[in-house]
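**Student:** Those sequence lines, one after another, are chains A and B.
Per my numbering, the first sequence starts with residue 1, numbered consecutively.
Per my numbering, the second sequence starts with residue 1001, numbered consecutively.
All C-beta atoms in this analysis are idealised placements derived from N, C-alpha and C, irrespective of residue type, glycine included.
None of these values were measured; they are calculated from a predicted model.
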Amino acid sequence: MVAPVFWLLDKVAMSCDVHTQIVSASFDRRLTLFEKIKYHIHGIACHFCRRYERQLNGMRKAARINALEFGQRTHRTMSPESKARIKELLKGG
Amino acid sequence: MDITKFTPLPLNDENQWVDLHGDYLFRYALSRVSSEHNAEDLVQETFLTALKSKDAFEGRSTQRTWLTGILRNKIMEHYRKGARFKGIPVDESYEQCSHELMDKHKHWDLDPNHSPADWAPSPSQCLENSEFWVVIQQCVGKLPVKASQVYIMREIDGLDTSEICAVTGVSESNLWVLLHRCRFLLRRCLELNWFVSPAKATGGDDQ
C-alpha cells in the first residue's frame, strides 16, 4: 500500500528548476494534465516558486502596459526640430 | 491620433513620411528604448534606410507596417550595441545563473542573495520611473541578439509563438526553452540591478 504512494510522490515531485520551466511554458502553450498536477503540487509547497511566478507575471504585465501606454495612448511626439532635421536629411538623401 | 486610419501613399512621397508616420514610429521606439533622444535617432535611421531601400518595397504591406519593420530591426541593432556583455550564448549564461541560484538538487538555494527576493513595489508600479526602463533595456541588451529579438516579439509585441517561429526559423520546442531562459535571466538581472539594488532608492522619478 505504501510503495505505490511513494512511487506516485516521486513521480509528481519535481525540482524548482523544472517548476520554473513549467511556469514559463504556461505562458506560451497549454500544459499537459500531468504538468498541471505537478505544477500545483509543487506550487503549494514552494514559497520561492510562487514568488518567481508572481515576478514573471509582473514582468509580462509591465512589458505589455509599457507597449500600450507609449505606443498608443500617450500623445508624446517628436520635437519639431528633429522632424525638420529628418525632413532635410530625406531631401538631401 | 487614430493609428488605425491610414491612407496608403505612393512611395515617392517621402517628404510626407515624417508628418504621417514620424510620431507613431517615435512612440513605438520610445516603448522599447529608454530615452527620447535614442528614439528620435532610431526613427531618423529608419527613414534614411527606408529611403535607400524604397525600391525593394513591394507594396504587400502598408507603408507604416514596412517602416515599423525597419524600425524594429534598428531597435534590435540598438540593443546589440548597448549590450555590455556580447556574445555569451544564452545557454551558457543560463547554466551559470541557474547553478548560482539553485542547489545541487535543483531547488532554490536558501541563501537570501540567491532565492527570489521580495519585489516591492511590483514591476508595473515601477513603470513611471524612467530609470526602471533603462535597467530593463540593459538587461534585455545583455541577451544575445536572437534571444532578445524573440523576447521582445513575445513579451512586448505580443506575437504568437507560431508567428515567432515563422519569422525566426526556431522550432517551437526550442522557442519555449529559449523564452524560459530569457525570462529566468531577465528576472535575475532586474532583481540584481533594480529590486535589491540601491539604485532603486536613488533613481529619479521623472514622470
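(1) Report the neighbours of A/E65 on chain B: residues whose CB is nearer than 7 Å to its CB, in chain order.
(2) If you drop the 5 nearest sequence neighbours on each side, which residues of the same chain put their C-beta closer than 8 Å to that of B/E954?
(3) By alpha-carbon positions, which one of B/D1013, B/P1089 and B/T1068 ends up nearest to B/D1023?
(4) Alpha carbon to alpha carbon, how far is B/Y1028 from B/T1065? Give it in angstroms, no decimals.
(5) Please confirm if B/I1075 has its CB atom under 8 Å from at least one CB of chain A.
(6) If you measure between the beta carbons of B/C1182 and B/V1150, is that distance less than 8 Å?
(7) B/S1061 CB to nearest chain A CB: under 8 Å?
(8) Hey, does B/P1144 have any beta-carbon neighbour from chain A nearer than 8 Å?
(9) Just tell me which of B/G1158, B/E1045 and B/K1146 has its CA closest to the CA of B/V1170.
(10) Among B/A1056, B/N1015, B/K1074 and B/F1057, which residue has its Cα nearest to the Cα of B/D1041?
(11) Residues of the stretch 1086-1112 of chain B in Cβ contact with chain A at a cutoff of 8 Å, in chain order, please.
(12) Return the residues of the stretch 25-58 of chain A that lie within a Cβ-Cβ distance of less than 7 Å from chain B, sorted by chain order.
**Tutor:** Concretely, from the data shown:
(1) Per the sequence presented here, residue 65 of chain A reads as Ile, with Glu not at that position. Result: S1124 and L1127.
(2) Residue 954 of chain B lies beyond the range of chain B shown here (1001 to 1207); nothing can be said about it.
(3) Here the closest residue by C-alpha is B/T1068.
(4) The alpha-carbon atoms of B/T1065 and B/Y1028 are separated by roughly 12 Å.
(5) For B/I1075, the closest Cβ of chain A is not nearer than 8 Å.
(6) Yes, the Cβ-Cβ distance between B/C1182 and B/V1150 is below 8 Å.
(7) It does not; no Cβ of chain A falls within 8 Å.
(8) Closer than 8 Å: no.
(9) Measuring from the Cα of B/V1170, the nearest candidate turns out to be B/K1146.
(10) That would be B/K1074, whose Cα lies nearest to the Cα of B/D1041.
(11) Those residues of the stretch 1086-1112 of chain B placed with their C-beta closer than 8 Å to a C-beta in chain A are S1098, M1102, H1105, K1106, H1107 and W1108, ordered along the chain.
(12) Near chain B, meaning a CB-to-CB distance below 7 Å, the residues of the stretch 25-58 of chain A are A25, D28, R29, F48, R51, Y52, Q55, L56 and G58.
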